[in-house]
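See below for the structure under consideration.
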Amino acid sequence: MLEHKLAGCCTLCDKPVFNIIKKYPNNHLLAGEPRTVGEPLATAMRLTLLLSGGENMDLTFCSDCDVSPDTFPAIWKKVMGSFKRELDPVYVKALNPSFISTPEQMAFRRKTIRDFVFNLPLFILSKEKWSEIYAKSN
Ligand SMILES: [Zn+2]
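Start counting the sequence shown at 10; every next residue gets the next number (the numbering used here).
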């Protein structure tokens, strides 16, 4: 299991749950990671979690993973890993070469992590198949 989420993949096990159209090339910092994703696979689930701070957070999982209070700590560690990665200027530059991080943007990202680090998942509010969400919106 990676320390951060991958586009189009299960938050817990990293298995693709969307059709991966394009990956980053071998010479890229993010080599092999999904770059462009298409339609959801039948196994793609969107779960809405209620956080202790009162916010909701939507996350994507595969239908095989156990999303429950037992796995909330692992899920949260991964969400934090993704936030942490977004603070890394090398990663940000790799994602978008023309992006210039300002001190204000970096401060905003750090504040986001502070706000979420103790804002833990309490329970699952809803669970939907991504294929049904996708069918409704297309
Ligand atoms: Zn999974």
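C-beta atoms are modelled at their ideal positions from N, C-alpha and C, and glycine is treated no differently.
Can you tell me whether residue i is helix, strand or coil according to DSSP?
i, result
"Thr121", "helix"
"Met10", "coil"
"Asp67", "strand"
"Cys22", "coil"
Please say whether residue j and residue i have beta carbons closer to each other than 7 Å?
i, j, result
"Glu48", "Leu15", "no"
"Asn128", "Leu60", "yes"
"Leu50", "Leu68", "no"
"Met54", "Ser72", "yes"
"Leu104", "Arg118", "no"
Within 10 angstroms of the Cβ of residue i, are there 16 or more other Cβ atoms? Answer buried if so, exposed if not.
i, result
"Phe27", "buried"
"Phe70", "buried"
"Thr20", "buried"
"Pro106", "exposed"
"Pro82", "exposed"
In chain order, which beta strand (DSSP E) runs of at least 3 residues are fully inside the region 35-62? 43-49, 53-60
Curious, which full-length beta strand (DSSP E) runs of at least 3 residues does the region 77-146 contain? 130-138
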